[in-house]
Amino acid sequence: MADTAQIRGYHAHVYYRDSAERDVAAKLRDDIEASFEVRLGRWREEPVGPHPLAMYQIAFAADQFSKIVPWLMLNRNGLTILVHPETGDDVIDHRDSPLWLGERLDLNIAFLEAGNTSA
């Protein structure tokens, strides 16, 4: 049985397909930054690493999960969001341990299996 103490934090990847969804993602980004202690990644306007769509990343501490994830559930406004733990094993984190809010997307796990790091 895996020990949850190995979870150092979480990433939430907020995906968008077009300019309208990007606008929704921008509002979500502003709101979460104003509401929580998070680290926001840069906008990725094209698929990168294992991620099949444009996106940005929200990084947060493990003790914030119970506050941030329910907030994302209620405020995602139709966007697809991947939440995964940070354990040091990108393959397991993305392939075996993800939580999807909205549509489940096909990640390029082969990118991670080849030893590349996540975006």
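Numbered according to the working numbering, the sequence shown spans residues -2 to 116.
Glycine included, each C-beta is placed from N, C-alpha and C at the ideal position.
Asked	Found
Residue burial classification, Leu71 (beta-carbon count within 10 angstroms, cutoff 16)	exposed
Closest residue to Pro67 among Ser32, Ala17, Asp27 and Asn113 (Cα-Cα distance)	Ser32
Residues bridged to Gln54 [DSSP beta-bridge criterion]	His10
Nearest-angstrom Cβ-Cβ length linking Gly38 and Ala51, presumed shorter than 8 Å	That belief does not hold up - the Cβ atoms of Gly38 and Ala51 are roughly 12 Å apart, past 8 Å.
Ordered list of beta strand (DSSP E) runs contained in the stretch 58 to 89, each at least 3 residues	78 to 83
Sequence-distant residues of its chain with Cβ nearer than 8 Å to Ile78 (five each side left out)	Ala9, His10, Val11, Tyr12, Leu69, Trp97, Leu98 and Gly99
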